[in-house]
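Heads up: the sequence lines are chains A and B, in that order.
Each residue of the first sequence is one higher than the one before, counting from 1 in my numbering.
Each residue of the second sequence is one higher than the one before, counting from 1 in my numbering.
Number of protein chains: 2
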Amino acid sequence: MDINALKKIQYGMYIISSAAEGKMSAQIANTVFQMTADPVQFAVSISKQNFTYELMEKSGKFAVTAISEDATFEFIGKLGFKSGRNINKFEKVKYEISAAGIPVVSDFATAVYEAEITNKLDMDTHVLFIGKVTDMKIIDDSKNTMTYDYYHKVKGGLTAKNAPTYVKR
Amino acid sequence: MDINALKKIQYGMYIISSAAEGKMSAQIANTVFQMTADPVQFAVSISKQNFTYELMEKSGKFAVTAISEDATFEFIGKLGFKSGRNINKFEKVKYEISAAGIPVVSDFATAVYEAEITNKLDMDTHVLFIGKVTDMKIIDDSKNTMTYDYYHKVKGGLTAKNAPTYVKR
């Protein structure tokens with residue numbers, strides 16, 4: 001088993017955000033994908049350690065922001081490597097509260113999506129949430145959504161410990 | 001809801017293959033993801049219409065090939081747009097039968113993986129299979145795994161009707 005083979009799987013880079021009981025948070029995720037076409041359903045894998053996970057469990061809702069290639073390292077670092085339990089991740093970040101009451105980040109975004117959780121699969125360290133997409137729009141179609149590969153190769157990015165794709169060295 | 005926003009989600013391009021009861025098949029998939037890091041588990045979304053789905057259900061095993069950017073349109077078309085019920089998809093395709101008895105395609109590959117199905121989630125038109133990775137290796141690290149975006153923009157590729165990401169026009 002060559003663990004380096006895992007690097008040959010392609011992902012996009014996304015922000016997952018949620019809110020419940022007057023609190024809101026967001027995190028970086030790379031495992032977002034469309035599961036079915038009719039209705040449109042997304043799957044996202046979230047670590048049970050993350051504050052966003054708690055808010056998703058409580059509210060049954062989440063938003064997804066597809067991050068553009070021009071997103072700065074600082075922007076990703078702020079959203080991805082600290083816990084929303086301790087800091088306000090939305091400070092100096094452009095977002096709006098949707099009709100469903102979820103913060104949707106539109107900074108460095110190619111597109112945004114909102115979903116209602118319809119199912120979930122317990123994966124021990126992570127939970128795979130299935131969400132029916134209730135709203136979606138393009139923010140900037142002229143830009144590509146950042147791939148994980150681009151993040152590593154061009155941006156020199158790191159992987160957070162709670163990521164599904166974290167590899168212990 | 002702007003359905004075009006779905007195009008801003010990034011995917012890789014993969015071959016999923018399986019075998020059971022003396023038959024084997026393969027198909028193209030774009031929804032392959034690492035779900036957990038310890039143990040390494042993959043998730044793949046497969047249409048119930050596909051022959052590979054039947055073989056995965058019967059054998060409980062599958063292989064994944066990450067397709068390189070230099071894969072030809074003919075190669076992808078052969079594996080992706082016809083059913084393994086009617087044609088032999090492995091004719092003139094480089095593959096080997098693994099110790100677990102599964103055909104693993106190594107043509108136009110950056111890496112290959114083998115997995116045992118540990119869980120699944122019924123998504124109506126599709127099934128999300130969770131598989132524990134039992135073997136993996138890099139075939140060609142000098143090449144990038146083709147993204148779905150690359151397939152569309154550079155290769156001018158089409159989307160099969162049974163794909164999770166198919167959009168009716």
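In this text, a Cβ means the ideal position worked out from N, Cα and C, and glycines have one as well.
Contact between the segment 17 to 26 of chain A and the segment 96 to 112 of chain A is present, with at least three C-beta pairs closer than 8 Å.
When 8 Å is used as the limit between beta carbons, residue 129 of chain A is near no residue of chain B, the shortest such separation being about 11 Å.
For residue 69 of chain A, no beta strand (DSSP E) run applies, since DSSP gives it neither H nor E.
Among the CB atoms of chain A, none fall inside 8 Å of the CB of residue 152 of chain B. Note that the C-beta distance between residue 44 of chain A and residue 113 of chain A is not below 8 Å. Contact annotation, residue 145 of chain B with residue 46 of chain B: C-beta distance approximately 19 Å; criterion of less than 8 Å not satisfied.
Bridge pairing for residue 136 of chain A: A:113 [DSSP].
Of A:110, A:147, A:130, the smallest CA-CA separation from residue 117 of chain A is found for A:130. For residue 150 of chain B, the enclosing alpha helix (DSSP H) covers residues 148 to 153.
In this structure, residue 85 of chain B lies away from residue 33 of chain B, with their beta-carbon atoms at least 8 Å apart. With a contact defined as Cβ atoms closer than 8 Å, residue 134 of chain A and residue 124 of chain B miss out at about 18 Å. Three or more Cβ pairs drawn from the segment 52 to 62 of chain B and the segment 22 to 31 of chain B lie within less than 8 Å of each other, which places the two stretches in contact.
Contact check for residue 115 of chain B against residue 61 of chain B passes: the beta carbons are separated by less than 8 Å. For residue 36 of chain B, the secondary structure class from DSSP, reduced to helix, strand or coil, is strand. With fewer than 16 other beta carbons inside 10 angstroms of its own, residue 39 of chain B counts as exposed.
Taking CB atoms only, residue 32 of chain B has a neighbour in chain A less than 8 Å away.
Judged by DSSP in its simplified three-state form, residue 61 of chain B adopts strand.
With respect to chain B, the C-beta atom of residue 52 of chain A has no partner C-beta closer than 8 Å.
The alpha carbon of residue 12 of chain A has as its nearest neighbour, out of A:155, A:163, A:150, the alpha carbon of A:150. Per DSSP, residue 89 of chain A lies in no beta strand (DSSP E) and is assigned neither H nor E. Proximity of chain B to residue 110 of chain A at the Cβ level (cut-off 7 Å) is accounted for by 8, in chain order. The CB of residue 137 of chain A comes closer than 7 Å to the CB of 2, 5 in chain B, given here in chain order. Interface criterion met: the Cβ of residue 37 of chain A is under 8 Å from a Cβ in chain B. The DSSP-derived three-state label of residue 79 of chain B is helix. Rounded to the nearest whole angstrom, the C-alpha separation of residue 120 of chain B and residue 48 of chain A is 20 Å. Under the DSSP definition of a beta bridge, residue 14 of chain A partners with A:29, A:66. Listed along chain A, the residues sitting closer than 7 Å to residue 45 of chain B by beta-carbon distance are 35. Its chain contains 25, 26, 78, 79 as the residues whose beta carbon lies nearer than 7 Å to that of residue 89 of chain A, once the 5 sequence neighbours on both sides are disregarded; these appear in chain order. Interface flag for residue 113 of chain B against chain A is set, since a Cβ pair is found closer than 8 Å. Contact of residue 66 of chain B with chain A is assigned, a C-beta pair being separated by under 8 Å. The C-beta distance from residue 138 of chain B to residue 2 of chain A rounds to 6 Å, short enough to fall under 8 Å.
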